[in-house]
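Colleague: To start, I am sharing the structure in question, which I have written as structure tokens.
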Amino acid sequence: MTGYNKANNSSVISLTFGILSLLIPFIGLIFGIIGIVFSRKAVKQINKMKESSAGLATAGLVCSIIGLILQLFMILGYVAFFSVNIG
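Structural data, given as structure tokens:
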């Protein structure tokens, strides 16, 4: 089929985990890490196989990194709140 570009599965998984890392508290930290791993895997596959889903892999990487940072800030805020509250 000429003109048909199939999306790389790893890039779709990366984007999914990236979005989940933004939305789900605490577990989103793990989802962010998984999203980054799948994004790196997708970029390697895309470059090797000349596929056309680099945008999805990049979006998954960005969402995963932002989700990871937000989750870390949330955990640090949670710890800081209870350390001040107890003291």
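Numbering (the numbering used here), first residue to last: 6 to 92. Glycine included, each C-beta is placed from N, C-alpha and C at the ideal position.
Tell me which residues share the same chain as Tyr9 and place their Cβ nearer than 6 Å to its Cβ, disregarding the 5 neighbours each side in the sequence.
Modeller: Taking the sequence shown and counting its residues from 1, the one referred to as residue 9 is at position 4. A caution first: Tyr9 carries a pLDDT of 49, below 50, which makes its placement in the model unreliable, though a value can still be read off. Once the five neighbours on either side are set aside, Tyr9 has no close Cβ partner at all.
Colleague: Taking Ile29 as the reference, which of Ser69, Ile51, Ser58, Val17 has the closest Cα?
Modeller: On the sequence shown, position 24 is the one that residue 29 refers to. Here the closest residue by C-alpha is Ser69.
Colleague: Roughly how many angstroms separate the alpha carbons of Leu73 and Gly65, rounded to a whole number?
Modeller: What you label residue 73 is simply residue 68 of the sequence shown in a count that begins at 1. What you label residue 65 is simply residue 60 of the sequence shown in a count that begins at 1. Distance from the CA atom of Leu73 to the CA atom of Gly65, rounded to whole angstroms, is 12 Å.
Colleague: Looking only at its chain, what residues have a beta carbon closer than 6 Å to the beta carbon of Phe36, apart from the 5 residues adjacent to it on each side?
Modeller: Numbered from 1 along the sequence shown, position 31 holds the residue referred to as residue 36. Scanning its chain for C-beta atoms nearer than 6 Å, with the 5 sequence neighbours on each side dropped, one finds around Phe36 the residues Phe22, Leu25, Ser26, in chain order.
Colleague: In or out: Ile32 buried (at least 16 other Cβ within 10 Å) or exposed?
Modeller: In the sequence shown, counting from the first residue as 1, residue 32 sits at position 27. Under this definition Ile32 is an exposed residue.
Colleague: Using three-state DSSP, classify Tyr9 as helix, strand or coil.
Modeller: As a working note, residue 9 is residue 4 in the sequence shown. At Tyr9, the pLDDT of 49 sits below 50, so the modelled position is not reliable and the matter cannot be decided from this model.
Colleague: For Ile29, which of helix, strand or coil comes out of DSSP?
Modeller: As a first step, residue 29 is located in the sequence shown; it is residue number 24 there, counting from the start. Ile29: coil per DSSP, three-state reduction.
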